[in-house]
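Under numbering that gives the first Met the number 0, think of the first position of the sequence shown as 0, with each following residue one higher. All C-beta atoms, glycine included, are put in the ideal place defined by N, C-alpha and C. Okay, so here's the structure we're looking at.
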Amino acid sequence: MSERLSMRKIREILRLKWELKCGNRTIATSVGVSSSTVSDCLKRAERAKLVWPLPVEGYNDEQLEKLLYLPIHNKAPEGCVTDWTHVHNELKRKGVTLQLLWGEHQAQYAQGLSYSQYCRNYRVWRGQLDVCMRQNYKAGEKLFVDYAGMTMPIVADTTTGEVQEAQIFVAVLGASNYTFTEATMSQALPDWIASHVRAFNFFGGVSEILIPDNLKSGVTKPHRYEPDLNPTYCDMANHYGIAVIPTRVSSPRDKAKVEEAVQNVERFILAKLRNRTFFNLYELNEAIDTLLEELNRKPFQKLPGSRLSQFEAMEKPALKPLPQTVYVFAEWKKAKAGIDYHIALDAHYYSVPYTLISKTLDVRYTSGTVEIFYQGKRVASHRRQYQKGGFTTVLEHMPKAHQEYAKWTPERIIRWAGDSGKATANLVEKIIESRCHPQQGFRSCLGIMRLGESYGKDRLENACKRALALGAYSYKNVFSILQNNLDLSPLSEPIKTHVTEQHHEYVRGGDYFE
């Protein structure tokens, strides 16, 4: 029967059918069940030889349920013994089905169970297992990850007694229940990714599918059907060749496996460590490792073997091998190339091909490298630099003919700055002169000229005079002078504001920019 009904609904089905002569579809709509459920209910009533109206005596709800739901016994022929534990474990192997195992059963016993009896008896046996053990996970298919609800205190400062709560990461393989756990100081993205890497190394391989909960470090935007993954998490998954399928929102059954693993970690590991004092993560993880080994060797209560023996027998051989290189933590951000064909990352500027000016780019950066992508294709790669305000420029990224970029030349910017005054033009020239490549100073120069829109050209000119006097050749200094109204105070000495006529190495002649 597709649905086990309440006795009230069963009585209503019988009344509508036998008293009012309604059709099955009409009954299904009225009662709020499927037509197949109505049909199955009527068949059971006929088999139980019920009549309508039901007699008052001997037909209370309990007695009626026994008549309709008589237990079905499928005794196997004498000498036909099926090891359902073996069947359950075999179903975890790739490609193995009940149909295949029943065929082997028939080949072994000439008078064996029919296919329906075989399936029904297996389901009855499986119903005696815990909920998470009933599910047939294929070996090497799924790895579940989550954080435990419990935390572990670490005395961070022995002088003040300050305590920090360590987070407990848990990973469990679906078929064998083989478990990994460790403590980290946070659930932030770097710790989240590092725990995954150590889990893969612990298992010695990678499953086909990774199933996390909707933690922000893994899932940027939870959604029942199309969740948005964190770019770094997705990058790690690509490195290991694993598919990430987060659990559905408000669907606890999706993560029953890892919830049981979390419960085991809390009961058999964290609870045993509750009275110990730890002063750093290393001490705590050493203690966790010892108890984790005991947990994985602990025999199952309702199945033969242990997590370790199941893992070594069927799960480990099914895992995909680890990649040759360990994943290096990388973060992602979006950036737009300015008119100087550079993108900013932590106040340092990296060049991209000049044709990508004003384009939105994806930036992948580690502690040592910066990679820049446009529409999924890598267009630039640089060594990571940490100099604030510095530039990292590749000569090949600079325009050769300056076609569409011709208007942004040093001469053009200096002339434009001259509209505000000679001091503004002089300061802009000084900034461009101080750069290895003229284009590296364009961003600062444009920023200075835009200050004239907010403060007026006269105040900008006075601010540039003061900056020249101080030798402060930068946008930040000019902005600070204006913000603090220093440009309104007279200078102690007059300074020359004319634009120098000297030739600098960046002035290559008009032909260069044509």
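CA-to-CA distance, residue j to residue i, given in whole angstroms
i, j, result
"His401", "Gly470", "Residue confidence for His401 is low, a pLDDT of 42 falling below 50, so the modelled location carries little weight and cannot support an answer."
"His381", "Thr368", "6 Å"
"Pro226", "Val243", "Reliability of the predicted coordinates at Pro226 is poor, the pLDDT of 47 falling under 50, and the value obtained from them is presented with this limitation in mind. Approximately 10 Å between the Cα atoms of the pair."
"Met132", "Phe299", "Reliability of the predicted coordinates at Met132 is poor, the pLDDT of 48 falling under 50, and no value is obtained from them."
"Ile26", "Met6", "15 Å"
"Leu4", "Asn120", "22 Å"
"His396", "Lys376", "16 Å"
"Val325", "Met184", "22 Å"
"His85", "Ile208", "25 Å"
"Thr159", "Ala260", "35 Å"
"Ser419", "Thr391", "31 Å"
"Trp17", "Asn23", "11 Å"
"Lys358", "Lys335", "6 Å"
"Pro352", "Leu228", "29 Å"
"Lys48", "Pro54", "12 Å"
"Ala187", "Val327", "16 Å"
"Leu394", "Tyr349", "12 Å"
"Thr354", "Ala379", "12 Å"
"Ile192", "Ile210", "14 Å"
"Ser453", "Pro489", "21 Å"
"Val162", "Gly389", "40 Å"
"Lys98", "Cys118", "Here residue 98 turns out to be Gln, not Lys, going by the sequence shown. Taking the straight line from one Cα to the other gives about 9 Å."
"Asn200", "Tyr340", "41 Å"
"Glu311", "Arg275", "32 Å"
"Gly524", "His195", "Residue 524 cannot be examined here, being either before or after the span of the chain that is shown, 0 to 513."
"Leu290", "Asp361", "43 Å"
"Val37", "Thr96", "31 Å"
"Lys475", "Leu467", "13 Å"
"Gly304", "Trp83", "15 Å"
"Lys141", "Ser206", "6 Å"
"Gln107", "Leu90", "18 Å"
"Arg296", "Leu307", "6 Å"
"Phe202", "Asp288", "14 Å"
Backbone secondary structure at residue i - three-state DSSP
i, result
"Glu11", "helix"
"Thr368", "strand"
"Leu63", "helix"
"Val327", "coil"
"Val171", "strand"
"Met151", "strand"
"Lys475", "helix"
"Pro230", "helix"
"Ala193", "helix"
"Tyr404", "Because Tyr404 sits at a pLDDT of 44, beneath the cut-off of 50, its placement in the model cannot be relied upon, and the following sentence gives the value as read from the coordinates. In this structure, Tyr404 counts as coil in the three-state DSSP scheme."
"Lys16", "helix"
"Thr81", "coil"
"Pro245", "coil"
"Asp486", "helix"
"Tyr108", "coil"
"Lys48", "coil"
"Tyr373", "strand"
"Glu207", "coil"
"Gln116", "helix"
"Ser38", "helix"
"Tyr146", "strand"
Assumed close pair residue i, residue j - CB separation to whole angstroms, cut-off 8 Å
i, j, result
"Val123", "Phe143", "With a Cβ gap of about 27 Å, Val123 and Phe143 do not count as contacting."
"Ser443", "Ser473", "6 Å"
"Cys21", "Leu13", "Going by Cβ atoms, the distance from Cys21 to Leu13 rounds to 11 Å, so no, they are not a contact pair."
"Gly204", "Pro320", "6 Å"
"Arg92", "Leu67", "No, Arg92 and Leu67 are not in contact; Cβ-Cβ is about 38 Å, not under 8 Å."
"Pro409", "Ile431", "5 Å"
"Arg363", "Asp234", "7 Å"
"Ile153", "Leu280", "7 Å"
"Thr231", "Ala329", "6 Å"
"Phe278", "Thr365", "Not confirmed; about 31 Å, so no contact."
"Gly139", "Ala317", "3 Å"
"Lys8", "Val30", "5 Å"
Residue i Cβ short of 7 Å to the ligand PLP heavy atom set
i, result
"Gly470", "Of ligands this structure carries none, so the ligand PLP is not represented either."
CB contact below 8 Å: residue i versus chain D
i, result
"Val50", "The chain labelled as chain D is not found in the depicted structure, where only one protein chain is given."
Take every Cβ of the segment 412-428, pair it with every Cβ of the segment 455-464, and state whether three or more of those distances are shorter than 8 Å.
-> yes
For the segment 98-113 and the segment 146-158, state whether three or more C-beta atom pairs, one from each stretch, are separated by less than 8 Å.
-> no
Is it a yes or a no for the segment 253-271 touching the segment 176-193, going by three-plus beta-carbon pairs under 8 Å?
-> yes
Taking one C-beta from the segment 409-416 and one from the segment 384-398 each time, how about it: are there three or more such pairs within less than 8 Å?
-> no
Residue ranges of each alpha helix (DSSP H) within the segment 283-360, 4 or longer = 306-309
Does the segment 152-168 come close enough to the segment 333-346 to have 3 or more Cβ pairs within less than 8 Å?
-> no
Go through the segment 415-469 residue by residue and report every complete run of the beta strand (DSSP E) that reaches 3 residues or more, in order.
-> none
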